[in-house]
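Worksheet: one structure, shown below.
Printed below as a string of structure tokens:
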């Protein structure tokens with residue numbers, strides 16, 4: 428967690444307060460920004476050339492509908508919804524960056540108003 432010694436979190440959207448020197452010792456980055464607000468690569472990517480690991484949190488929506496068939500990491504991505512298309516576009520942008528990127532496709536997140544089981 429960020430409470431551990433040596434781990435520092437940075438708010439990359441507070442543009443005026445970002446000191447570019449802070450990236451000098453960065454070795455790992457976890458990007459959890461939805462694609463509609465993700466300008467991290469464009470704004471800061473040139474500072475990331477020495478990182479060892481970058482994680483991007485995407486979503487399983489990039490797979491689209493496989494009509495009940497099993498979906499694995501090797502399954503074809505064919506998003507139907509605009510959110511899925513945006514996620515996939517963002518994934519490709521990160522993968523094309525030549526950085527050591529690892530994509531994590533998270534399943535739907537449950538919360539207030541987001542639990543489909545309640546609607547059954």
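Residue numbers (the numbering used here): 428 to 547.
Ideal Cβ placement from N, Cα and C applies to all residues, glycine included.
Looking at the secondary structure, which residues open and close the alpha helix (DSSP H) in which residue 467 lies? Along the chain shown, one-based indexing puts residue 467 at 40. Segment 467-471, the alpha helix (DSSP H) holding residue 467.
Expected contact under 8 angstroms - CB spacing of residue 486 and residue 514 to nearest Å: For this step, residue 486 is matched to residue 59 along the chain shown. For this step, residue 514 is matched to residue 87 along the chain shown. Your pair residue 486 and residue 514 checks out as a contact, with CB atoms roughly 5 angstroms apart and the cut at 8 angstroms.
Burial state of residue 518, where buried means 16 or more other Cβ atoms lie within 10 Å: For the purposes of this step, residue 518 is taken as the residue at position 91 of the chain shown. Burial call: buried.
Please go through the same chain and pick out, in chain order, the residues whose beta-carbon is closer than 7 angstroms to the beta-carbon of residue 511, but skip the five residues on each side of it. Taking the first residue of the chain shown as 1, we reach residue 511 at position 84. Contacts found: 488, 489, 491.
From residue 466 to residue 476, what does the alpha carbon distance come to, in whole angstroms? Numbered from 1 along the chain shown, position 39 holds the residue referred to as residue 466. Numbered from 1 along the chain shown, position 49 holds the residue referred to as residue 476. Distance between the alpha carbons of residue 466 and residue 476: 17 angstroms.
With distances taken Cα to Cα, identify the nearest neighbour of residue 522 among 482, 445, 451. Indexing the chain shown from 1 puts residue 522 at position 95. Selected option, being the one with the closest Cα: 482.
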